[in-house]
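The sequence shown begins at 1 in full-length UniProt numbering and counts up by one. From the three backbone atoms N, C-alpha and C, an ideal C-beta is built for every residue, glycine too. Note that this is a predicted model, so its numbers are computed, not measured.
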Amino acid sequence: MKMKKIFLGLTTVLAGTVLLAGCGNQTTSGDSGSEDGKTKITFWAAPNPTQLRYWQEMATEFEAQNDEITVEVTQMKESPSSEATIQSAIASNTAPTLSENVNRSFAAQLAASEAILPLNQHSEFDSIVEARHMGKTIESWKFSDDSQYVLPVYSNPILFGWRIDLLEELGFSEVPKTYSELLEVVEKVQETDKALWAKRDLADPTAWMRWFDFFPLYNAASEGGSFVEDGKFSADEAAMTDVFELMSELADANVLRKGEATDPFENGDSIMTDLGPWTFPNWEEKYPELTFGENYTVTTPVVPDALADVEEVSTYADAKGIVMYAQATEEEQAAAMAFLEFVYSDDNHDMKLLEMTSLIPARDDAKENEIFAAYFEENPAMKVYAENVPFAVPAMDNEKFNEIQQSFGEQAWVPVIRGEKDAKTATEDAKSAVEGALQ
Numbered sequence: 001m002k003m004k005k006i007f008l009g010l011t012t013v014l015a016g017t018v019l020l021a022g023c024g025n026q027t028t029s030g031d032s033g034s035e036d037g038k039t040k041i042t043f044w045a046a047p048n049p050t051q052l053r054y055w056q057e058m059a060t061e062f063e064a065q066n067d068e069i070t071v072e073v074t075q076m077k078e079s080p081s082s083e084a085t086i087q088s089a090i091a092s093n094t095a096p097t098l099s100e101n102v103n104r105s106f107a108a109q110l111a112a113s114e115a116i117l118p119l120n121q122h123s124e125f126d127s128i129v130e131a132r133h134m135g136k137t138i139e140s141w142k143f144s145d146d147s148q149y150v151l152p153v154y155s156n157p158i159l160f161g162w163r164i165d166l167l168e169e170l171g172f173s174e175v176p177k178t179y180s181e182l183l184e185v186v187e188k189v190q191e192t193d194k195a196l197w198a199k200r201d202l203a204d205p206t207a208w209m210r211w212f213d214f215f216p217l218y219n220a221a222s223e224g225g226s227f228v229e230d231g232k233f234s235a236d237e238a239a240m241t242d243v244f245e246l247m248s249e250l251a252d253a254n255v256l257r258k259g260e261a262t263d264p265f266e267n268g269d270s271i272m273t274d275l276g277p278w279t280f281p282n283w284e285e286k287y288p289e290l291t292f293g294e295n296y297t298v299t300t301p302v303v304p305d306a307l308a309d310v311e312e313v314s315t316y317a318d319a320k321g322i323v324m325y326a327q328a329t330e331e332e333q334a335a336a337m338a339f340l341e342f343v344y345s346d347d348n349h350d351m352k353l354l355e356m357t358s359l360i361p362a363r364d365d366a367k368e369n370e371i372f373a374a375y376f377e378e379n380p381a382m383k384v385y386a387e388n389v390p391f392a393v394p395a396m397d398n399e400k401f402n403e404i405q406q407s408f409g410e411q412a413w414v415p416v417i418r419g420e421k422d423a424k425t426a427t428e429d430a431k432s433a434v435e436g437a438l439q
């Protein structure tokens with residue numbers, strides 16, 4: 001699910017790029033409005049075979065009930081990146097009507113170029129949100145201009161896995177919830193040859209990596225606060241300092257292992273790890289001995305002590321959704337909204353998404369909805385993710401997100417992880433770095 005390094009700026013895309021040859025003989029949206037009296041829309045699915053099959057099934061079911069609309073589903077190319085493929089298609093006027101696999105930050109870049117349309121300008125949008133029970137989840141997806149450019153398909157809260165068997169060996173019967181409780185664990189870890197958190201990416205400044213270390217901790221510490229808003233640095237500096245102070249203490253205690261390692265959490269060399277739900281299918285094959293509730297569990301990020309009593313802890317959402325491209329005609333836009341309304345008016349369609357892809361549907365009610373009950377009974381770890389969807393914060397709404405996060409990593413996060421900057425200095429430098437990237 002991690003986004004590859006993005007090729008920024010539509011102006012960097014070469015006209016007539018060879019990338020499009022790999023996408024099949026796509027027609028432009030403007031040329032696809034009518035076929036034998038039918039309205040034709042094109043939908044690009046993510047470069048994931050299970051998602052492609054899901055959307056093909058949705059299209060087939062929809063067409064069986066709507067004989068005036070054809071939905072052509074194809075898989076977008078991943079090389080050199082799906083983002084580059086989308087940008088190339090826009091530049092050459094061959095974009096689809098709809099595509100999935102777009103996160104909020106990339107959507108901000110596309111919206112700034114007027115390449116995608118606000119979905120909430122269509123009356124069907126509100127009915128889709130209501131029918132899918134996603135009113136709370138979608139609040140954090142609103143853009144600075146009050147538009148909704150993305151209809152979230154899935155939202156994977158980034159949670160933390162804990163080896164409860166190792167914690168018990170250290171004398172702890174519960175997973176730490178606060179910074180103080182975590183530091184108590186750290187004291188015991190120092191007496192062993194194990195790491196608290198073993199992850200090479202911690203000391204890598206690459207932009208997208210912050211979605212899986214800094215942002216979950218920051219979202220928890222700031223209670224879901226923004227980081228950049230309306231083109232300005234808006235972070236909760238006190239919360240950011242709290243996170244830096246925690247990471248500085250972990251670095252000083254030498255419990256962060258930043259070298260290359262093969263599955264350190266799975267092999268019992270690391271007490272905790274950041275964890276997404278896409279991990280579990282792999283574990284079923286490679287680490288069947290890992291059993292939820294027996295030797296590992298999953299929780300929200302630790303929080304500052306002042307938030308010890310907070311019940312709804314925020315975290316980062318590795319989440320992507322559907323956008324509509326500006327090249328679509330009014331006829332195609334209407335057909336596209338009819339297709340989306342069909343997909344999200346039936347809870348069984350989200351059940352199929354969950355079963356086929358192991359992606360958590362972006363909705364508020366998954367843990368209460370009886371349709372999902374049997375699945376979560378068989379997959380209890382996945383239920384924890386579903387419970388936290390409403391409190392998971394998607395990527396920032398700014399087209400310069402890549403530069404922002406790269407500079408932040410270089411100037412603040414990585415120096416703290418390496419023990420080169422204290423928390424106060426890192427916070428000041430983070431602000432300067434972000435403000436500089438926004439200019």
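Checklist entry - Taking just the CA atoms, how far does T427 sit from S123? => result 43 Å
Checklist entry - Per DSSP, P176 forms a beta bridge with which residues? => result Bridge partners of P176: none, in fact.
Item to check | Buried or exposed by the 16-neighbour rule on C-beta atoms within 10 Å, applied to G161 | outcome: buried
Next on the checklist: Looking at the secondary structure, which residues open and close the beta strand (DSSP E) in which T299 lies?
Outcome noted: 297–299
Checklist entry - For A430, is the classification buried or exposed, using 16 other Cβ atoms within 10 angstroms of its Cβ as the cut-off for buried? => result buried
Next on the checklist: I'd like the span of the alpha helix (DSSP H) that includes Q109, first residue to last.
Outcome noted: 104–112
Item to check | Touching by the beta-carbon criterion (3+ pairs, under 8 Å), the region 266–280 and the region 372–389 | outcome: yes
Checklist entry - Skipping 5 residues on each side, what residues in its chain have a beta carbon closer than 8 Å to that of D213? => result K199, D201, L202, D274, W413
Checklist entry - How would you write the range of the beta strand (DSSP E) that W55 sits in, first residue to last? => result Careful: W55 lies outside any beta strand (DSSP E), inside the alpha helix (DSSP H) at 49–65.
Next on the checklist: What does DSSP give as the partner residue(s) for G161 in the beta ladder?
Outcome noted: T273, V298
Next on the checklist: Output needed for F244: all residues of its chain with C-beta closer than 7 Å, excluding positions within five of it in sequence on either side, in chain order.
Outcome noted: V416, A423, A426, T427
Checklist entry - Cβ atoms of Q87 and V73: under 9 Å apart, would you say? => result no
Checklist entry - So which of V153, Y287, A362, K77 has the shortest CA-CA distance to P47? => result K77
Checklist entry - With V389 and S222 assumed to form a contact (beta carbons below 8 Å), what rounded beta-carbon distance in angstroms separates them? => result Wrong, their Cβ atoms sit about 19 Å apart, outside the cutoff.
Checklist entry - Since E72 is in the beta strand (DSSP E), which residue starts that stretch and which ends it? => result 69–75
Next on the checklist: Would the region 395–409 count as touching the region 101–115 if we require 3 or more Cβ pairs under 8 Å?
Outcome noted: yes
Checklist entry - Just checking my contact of R163 with Y296 at CB under 8 Å: how many whole Å lie between their CB atoms? => result 6 Å
Item to check | Delimiting residues of the alpha helix (DSSP H) encompassing K383 | outcome: 380–387
Next on the checklist: Between which two residues does the beta strand (DSSP E) holding E324 run?
Outcome noted: The sequence as given places Met at residue 324; Glu does not occur at that position. Its beta strand (DSSP E) spans residues 315–324.
Checklist entry - Using the beta-carbon count (16 or more within 10 Å), is A91 buried or exposed? => result buried
Item to check | Three or more C-beta pairs below 8 Å linking the region 49–69 and the region 329–339 | outcome: yes
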